[in-house]
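*Asks:* Sequence order for the protein chains is A and B. If you want my numbering, it's the position in the first sequence, counting the first as 1, plus 18. If you want my numbering, it's the position in the second sequence, counting the first as 1, plus 4. Yeah, the Cβ is synthetic: ideal placement off N, Cα and C, and Gly gets one too. On a predicted model such as this, the values are computed, not experimentally measured, just so you know.
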Amino acid sequence: MSAPLLSVEDLRVSFRTEEGVLQAVDGLSLELAAGEILAIVGESGCGKSVTAMSLMGLTRGANTKIEGRVKLGERDLVGASESELLGVRGAEIAMIFQNPMTSLDPVYRVGEQIAEQIRAHEDVSAEAARERSIELLGRVGIPHAESRVDAYPHEFSGGMRQRVMIAMALSCSPRVLIADEPTTALDVTIQAQILERVMELRREENAGVILITHDLGVVAEVADRVAVMYAGRIVEQGTLDQIFYDPGHPYTWGLLGSVTRLDRDRAGALPSIAGAPPSLIAPPQGCHFRPRCPHARGRCEQVPPLEQRDPKAAGHLDRCWLDLEAKRSLRQVEGGIGLAPAAEAQA
Amino acid sequence: MLRFAVRRLISAVLVLFAVSVLTFLIFNVIPAGDPAVRMAGKVPTKPQVEAIREEWGFDDPIYVQYGTMMKKLFTGDTVSYFTQLNVVDEIIKGAPRTFALAIGAAVLSLLFGVILGVYGARHAGQWSDRAITLLAVLGLSLPVFWLGALMNHYLGFELGIFPNGGYVEFGESPTGWFWHLMLPWIALSFLFVGFYSRVLRSDILETENEDFVRTARAKGLTEKQVMNRHVLRNSLVPIITLWGLDFGFILGGGAILTEAVFNLQGVGQYAAESIEQLDQPVIMAVTLFGAFFIVLLNAVVDIVYAALDPRIRLEDARAP
């Protein structure tokens with residue numbers, strides 16, 4: 019792989035809250051190549067969105083501490099001034115958000131909102147920006163773009179609004195696109211169309227895409243590589259096949275085991291991971307997954323390093339002390355990959 | 005838009021009709037409401053009262069009396085029972101004063117309400133924000149007759165910085181006009197400044213957390229652009245709405261106390277005096293004057309609201 023488009027080294031983001039310091043992102047490193055779709059997976063509150071926002075400096079504030087490095091090409095964005103970041107946001111790194119219903123300003127026409135972004139970065143006339151907006155709306159599959167450009171957000175459905183968000187994100191041909199749960203709020207049929215647009219963007223612009231989601235179905239559909247996040251840390255990362263067919267971290271097993279499947283017996287309870295994610299203000303010492311992990315042992319009180327465990331699997335890293343053989347046998351539950359219930363694991 | 009205007013016009017006429025009937029009827033139920041007795045002087049004789057009653061038509065059936073009253077109001081012939089002065093002329097004389105007071109106070113309220121509201125939101129939690137909050141709460145709790153009287157006494161009478169009440173025509177002396185209205189404007193707008201700044205401050209803080217503001221930041225807009233184009237643009241909608249309604253309220257009688265305290269001789273003061281004397285024709289006229297502006301400003305606010313927020317449509321949902 020050539021020099022990465024975006025590389026994150028030991029990113030730490032913490033917020034000062036009334037209850038104490040909340041360590042939302044705790045030493046996160048990852049790389050993104052041009053034309054690649056990297057999925058960041060994890061449950062709500064694990065730090066996915068904070069990571070995404072922090073890449074563009076959107077979490078900056080009086081009570082936020084951001085450390086580490088985010089390098090876009092040769093430039094470091096963590097240390098960059100606010101005015102430098104203004105040139106990056108929307109132009110080099112663009113973002114699509116989770117809730118298209120509320121992510122557009124209700125009082126402006128959609129065309130105006132797209133044009134606003136173009137004109138924030140390029141010295142073009144209002145007419146030229148409008149022409150570009152129409153063209154972009156057409157590209158993301160909005161019919162009658164010439165007339166719909168003058169519609170207000172409330173005149174669009176959720177899926178259409180997400181297309182507008184994508185058109186906006188595309189407007190300045192960004193090198194990196196961050197899609198923060200872009201399909202969570204949408205119907206399944208619309209989901210596929212939106213994902214198709216994201217894939218097209220990757221093809222046409224050779225942009226790197228960071229796809230944040232908790233939907234493993236979406237991941238399987240589009241991702242090249244996957245990073246699994248738990249309580250502010252990446253616990254496992256690798257190619258799509260490595261994560262889906264040879265997962266090394268018990269949390270990943272739990273996630274894969276929790277996927278509801280139509281071909282399973284309906285009699286039993288839906289599989290889930292027992293317990294709840296830890297508080298990020300006072301996380302457990304050592305491995306953050308330890309309190310919920312049926313395979314935890316004494317050693318887990320020390321933080322396992324994110325390392326390659328299988329010498330043959332390049333790029334497949336995980337954060338679990340278990341050895342490879344133990345992992346491969348422990349994750350087998352009822353004919354599939356999953357996290358054994360605590361009682362069974364002890365026996 | 006046309007449908008809306010027509011519908012609004014019809015309802016306005018109905019409201020004004022109802023107001024006029026109710027105001028008129030009140031005179032027939034309140035004690036000592038018989039105008040003939042009061043017009044006849046301190047020690048009226050029965051024949052005198054009867055004569056007045058006949059002359060003014062007070063012995064007619066009530067609906068005839070109402071008809072006569074309304075007819076006179078609309079032809080501009082109605083006169084005060086006590087001063088015999090033409091009521092419409094008096095209102096026309098007082099209206100510029102009331103308008104000057106209301107418009108000036110409205111401008112001040114909006115201007116300072118917005119400035120303090122934005123400042124408070126930007127410095128939320130700091131001492132300057134708390135100071136503004138305190139000031140706003142003071143403004144909300146100080147009654148205008150008390151505040152106005154204090155200002156008039158200390159700044160006008162004692163220190164002599166401002167004139168001690170009264171009014172000067174603009175045409176006579178623009179600076180004098182301005183100077184005379186200064187204290188009334190401040191006294192009247194104090195309440196609204198407090199109110200608007202509180203509402204705006206909390207609305208801005210709420211809007212700042214909206215997803216579309218995050219989108220605006222992610223677009224690469226400067227903090228100022230985000231604030232002006234997206235946060236304020238949305239947060240000002242409720243303020244403008246309140247402002248329009250309050251303006252109608254001030255014109256429709258909300259300035260009575262201020263006019264009286266500063267002796268401005270506007271429509272409000274005229275109304276106050278006529279109520280003291282139970283001067284029915286005057287009360288009818290000023291009540292309709294006030295009600296007209298309240299109804300008018302309500303309709304204007306609806307139109308402006310729809311213009312400011314594209315999600316609001318003036319037609320009802322059934323309209324094509």
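1) Counting only Cβ-Cβ distances shorter than 9 Å, please list the residues of the segment 216–244 of chain B near chain E, keeping chain order.
2) When the cut-off is 8 Å and only beta carbons count, does residue 313(A) lie next to chain B?
3) Residue 365(A) CB to nearest chain B CB: under 8 Å?
4) Beta-carbon separation of residue 189(A) and residue 135(A) under 8 Å?
5) Spell out whether any CB of chain B is found under 8 Å from the CB atom of residue 221(A).
6) Taking DSSP's pairing of strands, which residues face residue 350(A) in a bridge?
7) Take residue 35(A) and list the residues in its own chain whose beta-carbon comes closer than 8 Å to its own, dropping the five residues that flank it on each side.
8) Give a yes or no on whether 8 Å exceeds the smallest Cβ distance from residue 313(B) to chain A.
9) Note the first and the last residue of the continuous beta strand (DSSP E) segment covering residue 33(A).
10) Anything in chain B within Cβ reach of residue 76(A), meaning under 9 Å, just list it in chain order.
11) Tell me the DSSP bridge mates of residue 245(A)?
12) Is there contact here, the segment 232–247 of chain B with the segment 108–121 of chain A, by at least three beta-carbon pairs under 8 Å?
13) Distance cutoff 8 Å, beta carbons only. Does residue 214(B) sit that close to anything in chain A?
14) By how many angstroms is the C-alpha of residue 183(B) removed from the C-alpha of residue 175(B)?
15) Is there a Cβ from chain A that is less than 8 Å from the Cβ of residue 322(B)?
16) Where do the ends of the beta strand (DSSP E) carrying residue 231(A) lie?
17) Let me make sure I understand the geometry here. Which of 184(A), 147(A), 235(A) and 332(A) has the alpha-carbon closest to that of residue 280(A)?
18) The ligand ADP heavy atoms versus the CB of residue 141(B): any closer than 7 Å?
19) Considering only the beta carbon of each residue, do residue 20(B) and residue 300(B) sit closer than 8 Å?
20) At 4 residues or longer, and completely inside the segment 56–98 of chain B: list those alpha helix (DSSP H) runs for me, N to C.
21) Spell out whether any CB of chain B is found under 8 Å from the CB atom of residue 170(A).
22) How would you list, in chain order, the residues of chain B whose beta-carbon sits under 8 Å from the beta-carbon of residue 105(A)?
23) Does the segment 120–129 of chain A come into contact with the segment 66–74 of chain A, if we say contact requires no fewer than three beta-carbon pairs (one atom in each stretch) closer than 8 Å?
24) Where does residue 130(B) land, buried or exposed, given buried means 16+ other C-beta within 10 angstroms?
25) Using a C-beta to C-beta distance shorter than 9 Å, which residues of chain B count as neighbours of residue 123(A)?
26) Between residue 64(B) and residue 91(B), what straight-line distance do the alpha-carbon atoms span, to the nearest angstrom?
27) Cα-Cα, which of 345(A), 334(A) and 297(A) is closest to residue 38(A)?
28) Please report the straight-line C-alpha distance between residue 364(A) and residue 104(A), rounded to a whole angstrom.
29) Within the segment 124–185 of chain A, note down every full beta strand (DSSP E) run reaching 3 residues or more, in order along the chain.
30) At a CB-CB cut-off below 8 Å, which residues of chain B make contact with residue 120(A)?
31) By the criterion of Cβ-Cβ separation under 9 Å, what are the contact partners of residue 115(A) in chain B?
*Replies:* If we stick to the structure as given:
1) Considering every chain present, this structure includes no chain E. Its protein chains are A and B.
2) Residue 313(A) does not count as touching chain B.
3) At residue 365(A), the pLDDT of 42 sits below 50, so the modelled position is not reliable and the matter cannot be decided from this model.
4) Residue 135(A) sits close to residue 189(A), with the two beta carbons spaced by under 8 Å.
5) Contact of residue 221(A) with chain B is not assigned, every C-beta pair being separated by 8 Å or more.
6) Looking at the DSSP assignment, residue 350(A) forms a beta bridge with 355(A).
7) Closer than 8 Å at the Cβ level, and outside the excluded window around residue 35(A), lie 81 and 299.
8) For residue 313(B), the answer is yes, since a Cβ of chain A falls inside 8 Å of its Cβ.
9) Here the beta strand (DSSP E) through residue 33(A) covers 24–35.
10) Neighbours of residue 76(A) on chain B, chain order: 218, 221 and 222.
11) 58(A) and 255(A), per the DSSP bridge assignment.
12) Output reads no: the segment 108–121 of chain A does not touch the segment 232–247 of chain B.
13) At a cut-off of 8 Å, the C-beta of residue 214(B) has a neighbouring C-beta in chain A.
14) The straight-line gap from Cα to Cα measures roughly 14 Å.
15) Unreliable positioning characterises residue 322(B) in this predicted model, as indicated by a pLDDT of 44, which lies under 50. The coordinate reading is nonetheless provided below. Residue 322(B) does not count as touching chain A.
16) Residue 231(A) -> beta strand (DSSP E) spans 226–231.
17) Selected option, being the one with the closest Cα: 235(A).
18) No copy of the ligand ADP occurs in the structure displayed, which carries no ligand at all.
19) No.
20) Note on the segment 56–98 of chain B: whole alpha helix (DSSP H) runs with a minimum of 4 residues are 66–79, in chain order.
21) By this cut-off, residue 170(A) is an interface position.
22) Simply 224.
23) Touching, no, given that fewer than three Cβ pairs across the two stretches are closer than 8 Å.
24) With fewer than 16 other Cβ atoms within 10 Å, it is exposed.
25) Correct list: 214, 216, 217, 219, 220, 233, 234, 237 and 238.
26) So the alpha carbons of these two residues sit roughly 22 Å apart.
27) Closest by alpha carbon: 297(A).
28) Any reading at residue 364(A) is ruled out, since the residue's pLDDT is 49, under 50, leaving its predicted position unreliable.
29) Listed in chain order, there is nothing to give.
30) Those are 214, 215 and 216, listed as they occur along chain B.
31) For residue 115(A), the C-beta contacts it makes with chain B under 9 Å involve 215, 218, 219 and 222, in order along the chain.
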